[in-house]
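Notes for the one structure printed next.
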Amino acid sequence: MSLLRQSRNILSNLKAKSLAKRLMHFKFEPDNPSTNLGPTENMNYLKALTNAMDISLENDPTAIIFGEDVAFGGVFRCTVGLREKYGSDRVFNTPLCEQGIVGFGIGAAVAGSTAIAEIQFADYILPAFDQIVNEAAKYRYRSGGLFECGKLTIRTPCGAVGHGALYHSQTPEAYFAHSTGLKVVIPRSPIQAKGLLLACIRDDNPCIFLEPKILYRAAEEEVPVGDYTLPLSQAEVLREGSDVTLIGYGTQIHVLKEVAELAAKDGISCEVIDLVTILPWDADTVCTSVSKTGRCVITHESPVTGGFAGEVAATIQKECFLNLEAPVERVCGYDTPFPHVLEPFFMPDKWRCLQAVKNVVNY
Amino acid sequence: MSMRHFIKFGKPYLHTRSLLRGKYGLQTCTHVAKSTGVQPTSDGNNFIGIPHNCVTKLEFLEPKMENTIPVYQVLDSDGKIIDETQDPKLSDEILLKMYKDMKMLNIMDGIMYSAQRQGRISFYMTNYGEEATHIGSAAALEMRDLVFAQYREAGVLMWRGFRLDQFMDQCYANINDPASGKQMPVHYGSKDLNFVTISSPLATQMPQAAGAAYALKRTNPGTCVICYFGEGAASEGDAHAAFNFAATLDAPCIFFCRNNGYAISTPAHEQYRGDGIASRGSGYGMLTIRVDGNDTLAVYNATRKARQIALEESRPVLIEAMTYRVGDHSTSDDSSTYRTTGELEYWTKTNNPVTRFERYITNQRNCWSAEEDEKLSKDCSKQVIEAFTAAEKRLKPSPSLVFTDVYDELPVNLKEQQKQMREHVSAHSQHYPLKRHEPL
């Protein structure tokens, strides 16, 4: 290829990259890993996931990974290299059938194997809803613990990606939050993703592991290379503040961190909490914070009606009623399916969140 | 050339492939049944995954409903073996256990059905007419084989040693039920007997059976999975998923369909348009057989062979057992509203699996008699009545158990809710049936 054409390609790639970055509705800032987790390596979100699965298959001979297209490495490259390393009986494609993937996974877990199922997009998890809600979530309860599928983990890419529209942008946490017996987890970063995936795989309850796909490459951190887990059902206070509590999860945490910075310029001190686990969720950390600040804004990409923010808001108003200085605010996707070119107008972006912060402070 | 499967219980698939190769010199490009890492290629006429030759005649395949898949039979209606080569030559001991379990099942069903009618238990499902499907198949398996069932397979549990008190305790939802009365009656389960707890949604157990078989192939080779389901459940998407997964992933699973003619009030001819469930098997690449589900020895032979093939060749096998649901769907159903007494009488009196088997052991094997039969009925009744009287007296589980086994450990929110429930019930105890339960 001629030098001229090469340089033109490089330039157009650069333009495309920075255009994408300019259109991204958040800015990812890496966390510093805990010093006691040992040596680290620069990994993006998807490599952190691959690393977690690598560790799982290395240490647990029963562990298997399956789903659509996982054999060649997955459409998001999350399982690259694992089939070559562990063999085709442990990392394999299934037919294109989500109810089958989850049903198969439940059965493998019941029979004692660690089953890591991938659903290609969270938008397509719905055919498996019966298996997840009626079977996986209730297996232990209905058998009195004689049988259970705790060894099942279902991982799936979710969330807005800039151009995903109705069927490549959903985050279905609300449907599963209503299905007691499951654990639902949504990590905000590579360090979180690796530790939480290992925690879910090892947890003795069926877990739904939601991976905000826009973070796969956009989020890079120094991730500990060793084996570590992070606690489930523990919310994390990422930034301390005194005036208002901002509550969210996944990609939206990065939006909230920026909102806190913008609010600080107006003299508003924000506390930012990442719920991390949607079910069972850590109401204690949230309510302690809101009792202190007296104000809160809860935010998620999913539509507001029936969304998880409603659950958090109801609990907050009950536990913190006398401490509240303003009504609980929710900044969420509107009650519409997820639009394509109209995405910037649908999303609970930093400007809507900032406005909500000002509303509760000025109430 | 048609893809005809030669049922030699050998290698019909590979035989067909080699036929194609030899006769037409075609390059087949399908995956072999076991993954050898051979990659499919697509060159010219060969589409990925399908060996084929081309025709110039425009002709549609008409499903041939005149030549339906035949029914494998060993015993005729008089209990005589039709073809001596098919006699499994079971010992008297096994035969008598088979018969006694069928009788006990019938008698237990009769008494529990009445118990529901009298308001002693909330719900019940009988197994009349399908005894041979349970006992014949269960006897052909090993105890370590894992069973996924639908809800009309109590005979399988009985064969494996589930006791009368265990059946009753689940139906009466009392403190001895391992699930602490959390499920409706007949939703049995037993870890010791490798019988996965029943759930109400239909066909959900099917892809689970495929997954369990896959896992056991890796961790416990020599262990098979059997999955029971009805012809109605076979219409669910989960059935399709199960067949496809088991076949593509080489899972050693027996899919055992009890085609009993009805899904509640829906007759089989409203359930499917093709040749039953068996005709679907080859579409998935599965070895398939249709058997007389009212013929205990035919069911036994087919299941035994299916198990052997499933394990030796790491592949699923589909058995469609043709039978008839003599009883109502459940105690919530009155089948006289949708079927004739004439039809019912035929299957109760003329083509009854228990009677056919009784004729075999009495007249052909001479190890049973009418006197023994009468004594057995009396013994069974006595045992069942003793068991249910005891089950009825036992307390129901503590209300606090509402919250257990949702997760492996009680999370914070459930601990809080349990506390709230206890406080509320203590403060308003007169409104709650506490006397029937163990303490709060």
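Protein chains in written order, with numbering that gives the first Met the number 0: chain C, 0 to 362; chain Z, 0 to 439.
Quick reminder that beta carbons are idealized off the backbone N, C-alpha and C, glycines included.
Just so you know, these numbers come straight off a predicted model, no measurement behind them.
Exercise. Looking only at its own chain, which residues have a Cβ that is under 8 angstroms from the Cβ of phenylalanine 345 of chain C, when we skip the five neighbours before and after it?
Worked result: Gly332, Tyr333, Thr335, Phe337 and Pro338
For this session: Decide if tyrosine 171 of chain Z is buried, meaning its Cβ has at least 16 other Cβ atoms within 10 Å, or exposed.
Result: buried
Exercise. Distance, Cα to Cα, glutamate 65 of chain Z vs proline 352 of chain Z?
Worked result: 26 angstroms
For this session: Give the interface partners of proline 94 of chain C over in chain Z, defined as CB-CB distance under 7 angstroms, in chain order.
Result: Asn243, Phe244 and Thr247
Exercise. Chain C beta carbons: is any one of them nearer than 8 angstroms to that of glutamine 207 of chain Z?
Worked result: yes
For this session: Please compile the residues from chain Z whose C-beta is within a distance smaller than 7 angstroms of the C-beta of leucine 245 of chain C.
Result: Those within 7 angstroms of leucine 245 of chain C in chain Z number zero; the least Cβ separation is about 23 angstroms.
Problem set entry | Best match in Z:Asn219, Z:Phe356, Z:Asn105 and Z:Glu415 for proximity to methionine 157 of chain Z [C-alpha to C-alpha] | Z:Asn105
Problem set entry | Backbone secondary structure at glutamine 419 of chain Z - three-state DSSP | Helix, per DSSP.
Exercise. Per DSSP, which one or two residues make a beta bridge with cysteine 170 of chain Z?
Worked result: Answer by DSSP bridge pairing: none, since cysteine 170 of chain Z is not bridged.
Exercise. Relative to the C-alpha of glutamate 380 of chain C, which residue among C:Gly163, C:Glu221 and C:Gly104 is closest?
Worked result: Summary: the structure shown does not reach residue 380 of chain C, with chain C confined to residues 0 through 362, and so no result is reported for it.
Exercise. Taking DSSP as the reference, what is the three-state secondary structure of methionine 157 of chain Z?
Worked result: helix
Problem set entry | Interface residues of chain C facing tyrosine 283 of chain Z [CB-CB closer than 9 angstroms] | Simply none; closest approach about 10 angstroms.
Problem set entry | Ordered list of beta strand (DSSP E) runs contained in the stretch 316–353 of chain C, each at least 3 residues | 328–332
Exercise. Which whole-angstrom value describes the C-beta separation of aspartate 281 of chain C and alanine 234 of chain C, a residue pair presumed to lie in contact below a C-beta threshold of 8 angstroms?
Worked result: The Cβ separation is near 4 angstroms, so the contact holds.
For this session: Please report how far the alpha carbon of lysine 22 of chain Z lies from the alpha carbon of asparagine 52 of chain Z, in whole angstroms.
Result: Model confidence at lysine 22 of chain Z stands at a pLDDT of 40, short of 50, so the residue's coordinates are unreliable; what they give is reported in the following sentence. Going by the C-alpha atoms only, they are around 11 angstroms apart.
For this session: List the residues that DSSP assigns as beta-bridge partners of leucine 181 of chain C.
Result: DSSP output for leucine 181 of chain C lists C:Thr179 as bridge partner(s).
Exercise. Cβ of tyrosine 431 of chain Z less than 8 angstroms from any chain C Cβ?
Worked result: no
Exercise. Is the stretch 290–310 of chain C in contact with the stretch 114–126 of chain C, if contact means three or more CB pairs nearer than 8 angstroms?
Worked result: Contact between the stretch 290–310 of chain C and the stretch 114–126 of chain C is absent, with fewer than three C-beta pairs closer than 8 angstroms.
Exercise. So who's on the other strand from serine 189 of chain Z, going by DSSP bridges?
Worked result: Z:Phe194
Problem set entry | C-alpha distance - aspartate 333 of chain Z paired with threonine 339 of chain Z, whole-angstrom precision | 12 angstroms
Problem set entry | Interface residues of the stretch 159–191 of chain Z facing chain C [CB-CB below 8 angstroms] | When C-beta distances to chain C are compared with 8 angstroms, the residues of the stretch 159–191 of chain Z below that value are Asp176, Pro177, Ala178, Ser179, Lys181, Gln182, His186, Gly188, Ser189 and Lys190, in chain order.
Problem set entry | From Z:Met285, Z:Phe46 and Z:Val73, residue whose alpha carbon lies closest to that of aspartate 291 of chain Z | Z:Val73
Problem set entry | Cβ contact (3+ pairs, closer than 8 angstroms) linking the stretch 301–312 of chain Z and the stretch 249–256 of chain Z | yes
For this session: With a 10 Å radius around its C-beta and 16 neighbouring C-beta atoms as the bar for buried, classify glycine 247 of chain C as buried or exposed.
Result: buried
Problem set entry | Cutoff 8 angstroms: asparagine 412 of chain Z Cβ touching any chain C Cβ | yes
For this session: Tell me whether arginine 169 of chain Z is buried or exposed, calling it buried when 16 or more other Cβ atoms sit within 10 Å of its Cβ.
Result: In the sequence as displayed, the identity of residue 169 of chain Z is glutamine instead of arginine. By the neighbour-count rule (16 or more Cβ atoms within 10 Å), glutamine 169 of chain Z is buried.
Exercise. Under 8 angstroms between C-beta atoms, does leucine 341 of chain C make it to chain Z?
Worked result: no
Problem set entry | Assigned exposure category for phenylalanine 71 of chain C - 16 Cβ within 10 Å defines buried | By the 10 Å Cβ count, phenylalanine 71 of chain C comes out exposed.
For this session: Using a Cβ-Cβ cut-off of 8 angstroms, state whether tyrosine 140 of chain C counts as contacting chain Z.
Result: yes
Exercise. Taking all protein chains shown into account, do 16 or more other C-beta atoms lie within 10 angstroms of the C-beta of glycine 36 of chain Z, making it buried, or fewer, making it exposed?
Worked result: Its pLDDT being 46, under 50, glycine 36 of chain Z is placed unreliably in this model, and the value from its coordinates should be taken loosely. Burial call: exposed.
Problem set entry | proline 200 of chain Z: contacting residues in chain C (beta-carbon distance under 8 angstroms) | Those are Asp129, Asn133 and Glu134, listed as they occur along chain C.
Problem set entry | Beta carbon of isoleucine 252 of chain C nearer than 8 angstroms to that of arginine 187 of chain C | yes
For this session: Quick one: grab the DSSP three-state call for cysteine 368 of chain C.
Result: Outside the displayed span of chain C (0 to 362) sits residue 368 of chain C, for which this structure offers no information.
Exercise. What beta strand (DSSP E) runs, 3 residues minimum, are completely inside the stretch 203–274 of chain Z?
Worked result: 224–229 and 252–258
Exercise. Of all the residues that make up the stretch 212–235 of chain C, which are near chain Z by a beta-carbon distance shorter than 7 angstroms?
Worked result: Ser232
For this session: Name, please, each residue of chain C whose Cβ falls closer than 9 angstroms to the Cβ of threonine 196 of chain Z.
Result: Tyr138, Arg141, Ser142, Gly143, Leu145 and Phe146
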